[in-house]
Ligand SMILES: [Zn+2]
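Residue numbers (the working numbering): 19 to 98.
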C-alpha cells in the first residue's frame, strides 16, 4: 500500500531493512532494498549487494543445520 501511495504521488520508495550481519553477528546490517546496498554500521562491512548477504546467510544456515543433523545422528547412535 505504501508503494502504491508513492506511485500515485510520483515518489521513489526507499525501503531499508535492519538484519543480522553475517560478518559480526549484530543486528546492525542495513539492507537498502531500493539501491541493492548492504552496509553494517557495527563492523563497517560494505557488502557488494543484498544477494551477497543472502549467499552468506544461506551458507551459514546450511552449516548450522548440517551440525544439527550430525548431532541427531550421534544421539541416535547412543540410543541404539
Ligand atoms: Zn557487521
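Beta carbons are placed, not taken as given, at the ideal position from N, Cα and C, and that holds for glycine.
#1: Could you check what DSSP says for residue 50 in three-state terms: helix, strand or coil?
#2: So what's residue 76 in DSSP terms, helix, strand or just coil?
#3: Check for me: the alpha helix (DSSP H) holding residue 24 runs from which residue to which?
#4: Just checking, does the segment 49 to 64 make contact with the segment 28 to 41 on the three C-beta pairs under 8 Å criterion?
#5: Quick check on the contact list: which residues have their beta carbon closer than 7 Å to a heavy atom of ligand 1?
Reading from the atomic positions:
#1: strand
#2: helix
#3: 20 to 27
#4: yes
#5: 39, 41, 42, 44, 46, 47, 58, 60, 61 and 63
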